[in-house]
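Notes follow once the structure below has been shown.
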Amino acid sequence: MYTGITTNLKRRLDEHNSANKGAAYTRSRRPVKLVYTDTCINRSLASRREYTIKKLSKAAKERLVKRDQMPAPGDAGPE
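Using our numbering, read the sequence shown as starting at 42 and increasing by one per residue.
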């Protein structure tokens with residue numbers, strides 16, 4: 042699962058699905074589908090949130106999407 046931050050979700054999703062733009066990870070996994078969003082009040086907090094989510098295991102990310110909430114500390118244990 043790709044994790045990133047943006048100030049314009051529609052534009053960024055369109056970029057990931059366009060022929061010439063988007064992250065290298067998403068270029069080979071098109072079409073990209075949005076499965077989870079979160080809102081932060083500033084870029085600093087968004088970057089911290091992105092970092093936290095990127096550290097999660099694939100299973101923990103799938104639980105996050107399913108529950109639509111951040112796992113409690115320790116809930117994302119090794120899998």
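We put the beta carbon where it would ideally sit given N, CA and C, even for glycine.
Suppose you measure from the CA of residue i to the CA of residue j; what does that come to, to the nearest Å?
i    : j    : result
R84  : E91  : 10 Å
H57  : A101 : 23 Å
N61  : R52  : 14 Å
S88  : Y66  : 18 Å
D79  : K96  : 16 Å
S69  : R108 : 27 Å
K99  : G45  : 15 Å
V106 : S59  : 24 Å
C81  : E103 : 21 Å
So for residue i, helix, strand or coil by DSSP?
i    : result
Y77  : coil
I94  : helix
A65  : helix
E120 : Residue placement at E120 is poorly supported in this model, since its pLDDT is 43, which falls under 50; the coordinates still yield a value, given next. Coil.
S59  : coil
R89  : helix
R71  : coil
T48  : coil
Taking C-beta to C-beta, are residue i and residue j nearer than 9 Å?
i   : j   : result
Y77 : A64 : no
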